[in-house]
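Data block below; observations after.
Residue numbers (the numbering used here): 3 to 114.
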């Protein structure tokens with residue numbers, strides 16, 4: 003449906019709020035609210051709003067990536083994988099401590 007067909011005065015919203023909310027949920031189309039003949043607000047159902055916010059976030063990420071490419075602030079896949087490997091090695095537990103305490107072996111009720 004065209005946005006121009008989804009225009010209602012604020013008095014309509016006040017008098018029919020529950021109906022307007024139901025229509026928004028069913029149609030997923032935004033509604034323009036006018037006051038004194040001028041568009042003052044746009045309302046939409048929560049699911050459409052959340053989807054719009056996700057779309058905006060993705061567009062921001064794409065714009066950031068495009069800017070980083072333009073600034074030549076990029077990394078090769080090999081360098082990223084090497085950094086990940088190094089981080090994983092740094093976080094790995096040191097299994098060669100030389101002690102005989104193996105925490106993975108089951109103990110009996112006496113702690114032996």
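Where a beta carbon is used, it is the ideal one built from N, C-alpha and C, also for glycine.
- Task: Apply the 10 Å Cβ neighbour rule to residue 35 and answer buried if 16 or more other Cβ atoms are within range, or exposed otherwise.
- Result: buried
- Rounded separation between residue 53 and residue 29 - CA only: 15 Å
- residue 66 classed as buried or exposed, judged by whether at least 16 other C-beta atoms fall within 10 angstroms: exposed
- Would you check if the distance between the CB atom of residue 55 and the CB atom of residue 26 is smaller than 8 Å? no
- Message: Is it buried or exposed, residue 33, if we count other Cβ atoms within 10 angstroms and call 16 or more buried?
- Response: buried
- Item | residue 94, DSSP secondary structure in three states | coil
- Which partner residues does residue 34 have in the DSSP bridge list? 9 and 44
- Whole-angstrom C-beta distance between residue 15 and residue 22, which should lie under 8 Å: 6 Å
- What did DSSP end up calling residue 75 once you bin it into helix, strand or coil? coil
- Mind checking whether residue 58 and residue 37 have CB atoms under 8 Å apart? no
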